[in-house]
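Counting in the working numbering, the sequence shown runs from 133 upward without gaps. Quick reminder that beta carbons are idealized off the backbone N, C-alpha and C, glycines included. Everything on this sheet refers to the single structure shown next.
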Amino acid sequence: MKIGKIALSLSGIALLIIIFLITKNYCLDKGILALKEEKYGSAIKYLKPMAILGEEDAQNLIGECYALGFGVPKDVEKAIYWFRRGTKKSNCSGDECIAADLYFVGEKYLNGVGVKKDRKEAIFWIKKAAENRYPKAIDFLAENKIN
């Protein structure tokens, strides 16, 4: 009888894991699709729970949403918080891990990709990346003679 209860418990746990994995992929896919369709409120609805549960892709996307003001008010500290969480499991250590994300946001503002072109905002993010020793950011600032 004990073996039957253990087997039933294990099959229940396995079912929960399968449901979680399916839900995780569904929410991430729906969130990415909503971002592409510029339905930012929906994107946040799908991505934030996954980000809270530790899904790195969702954490990075939520960071971008806070950096760009997509579906949430712009918030530099929250953007950096989510970028950091999105690198916790990587081999990277320290703030250098988020430097590429910061530079990416700067490039979006610089080129007007998904946001209104804003050189001042672009420089802000690129400087943040340079502070974290991101080579492309350092080179950009030097080439453009920006302190």
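Assigned secondary structure, residue i (DSSP; H/G/I helix, E/B strand, else coil)
i, result
"Lys277", "coil"
"Arg216", "helix"
"Asn192", "helix"
"Val247", "coil"
"Asp161", "helix"
"Pro181", "helix"
Rounded C-alpha distance that separates residue i from residue j
i, j, result
"Gly201", "Tyr158", "24 Å"
"Ala183", "Cys229", "17 Å"
"Glu170", "Glu188", "21 Å"
"Lys168", "Ser143", "38 Å"
"Lys180", "Ile150", "20 Å"
"Ile145", "Lys220", "26 Å"
"Ile258", "Ile176", "25 Å"
"Val245", "Ile135", "59 Å"
Short CB-CB distance (under 7 Å) between residue i and chain D
i, result
"Ile135", "Given the protein chain composition of this structure (a single chain), no chain D is represented."
Nearest neighbour of residue i, chosen from the options [CA to CA]
i, options, result
"Ala190", "Arg265, Asp207, Pro205, Ala211", "Ala211"
"Glu263", "Asp227, Thr155, Ala166", "Asp227"
"Tyr172", "Phe256, Cys197, Phe272, Ile278", "Cys197"
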